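Okay, here's the thing in structure tokens:
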């Protein structure tokens, strides 16, 4: 008998810096769901020399009541999380396509239901975020990496025969309640209006956006300076807890780069631009 037979695994796929941490925390605020974060980061737990608390549970560190009980020798991570959390939906925002494919096969072998949310974001916003994080890298190199990730993600999404949906980060942030309700229908769970107040809920996610996790800790009066770096402190230090759309690219992105992005992304550009 499969102990995880009622378990559903939902993968949030897409490019890095597309808002998957925010979406995962929102969905993980549902009473039936647990947001694992970027579950492939569990590999860090095997490194006895790795001491960076941020690489473990973003909220609890190494002593997390969930992750410290995970058996790294057991391949079926999602069933373990199901048993530890008693949540019937496990959400994984890993971007590594090889990991996702492997986990889908394991889930299929265990007769678990899987589904996919393809989270898109305006490529100009993604590039602006990447340029901020990797200032020494060229725009061309960053675009080529994005092209490869998105091409592979589209192939995975198109070949997947299970339940799947595409949404834009910008739609989530600007039309929050409608988008959450739509995703609840997709997951076949009842809409819970307080999901948007994810920062008041209990979470135990690994990996993912530091700024978004900072807001979660801020709501719990646990602001910790190490969570913010110089490049994102200016934005998140005074950020309200409520969700607002991040369109810094409109002010920060060099116009020359906008042209390069449009030319170098080719046919992907119109599919990954958002205009309200």
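Residue numbers (the numbering used here): 5 to 280. C-beta atoms are modelled at their ideal positions from N, C-alpha and C, and glycine is treated no differently. These numbers come from a predicted model, not from an experiment.
Secondary structure of residue 272 (DSSP, three-state): helix. Rounded to the nearest whole angstrom, the CA to CA distance from residue 255 to residue 134 is 15 Å. Comparing alpha carbon positions, the residue from 150, 209, 211 closest to residue 273 is 150. In this structure, the beta-carbon distance from residue 17 to residue 27 does not fall below 7 Å.
DSSP, reduced to helix, strand and coil, places residue 40 within a strand of the structure shown.
In the three-state DSSP reduction, residue 151 falls in the helix class (H, G or I). Cβ neighbours of residue 190 within its own chain (closer than 6 Å, five residues either side excluded): 169. Under DSSP, residue 65 forms a beta bridge with 61. DSSP places residue 31 inside the alpha helix (DSSP H), whose first and last residues are 24-31. Excluding five sequence positions before and after residue 143, the CB atoms of its chain that fall closer than 6 Å to its own CB belong to 261, 264, given in chain order. For residue 193, the three-state secondary structure derived from DSSP is coil. Under the three-state reduction of DSSP output, residue 167 falls in the strand class.
Residue pairing of residue 277 in beta bridges, as defined by DSSP: absent, with no partner found.
The residue from 34, 62, 83 with its alpha-carbon nearest to that of residue 216 is 62. Beyond the five residues adjoining it in sequence on each side, residue 278 comes within less than 7 Å, by CB distance, of 126, 172, 174 in the same chain, given in chain order. Taking a 10 Å sphere around the C-beta of residue 102, we find fewer than 16 other C-beta atoms and assign the residue as exposed.
For residue 206, there is no enclosing alpha helix (DSSP H), since its DSSP letter is neither H nor E.
Listed in chain order, the alpha helix (DSSP H) runs fully inside the segment 71-119 are 81-89, 101-113, counting runs of at least 4 residues. Take residue 148, set aside five residues on each side of it, and the residues of its chain with a beta-carbon closer than 8 Å to its own are 268, in chain order. Annotation for residue 97: 16, 24, 25, 28, 41, 42, 212 place their beta carbon closer than 7 Å to its own, counting only its chain and skipping 5 residues before and after. Between the alpha carbons of residue 105 and residue 114 lies a gap of roughly 14 Å.
Inclusion of residue 89 and residue 166 in the CB contact set at 7 Å is not warranted, their separation being larger than that value. Residue pairing for residue 14: DSSP places it in a beta bridge opposite 95, 119. Inter-residue distance for residue 46 and residue 39 is about 14 Å (C-alpha atoms, whole angstroms). Residue 202 counts as buried, since at least 16 other C-beta atoms from the protein chains shown sit within 10 angstroms of its C-beta. Non-local C-beta neighbours of residue 79 in its own chain, meaning closer than 7 Å and more than five positions away in sequence, comprise 110, ordered along the chain.
Taking every protein chain shown into account, the CB of residue 280 has fewer than 16 other CB atoms within 10 angstroms, so this residue is exposed.
Distance from the Cα of residue 158 is smallest, within the candidate group 275, 132, 258, for 275.
In this structure, the CA atom of residue 178 is about 7 Å from the CA atom of residue 248.
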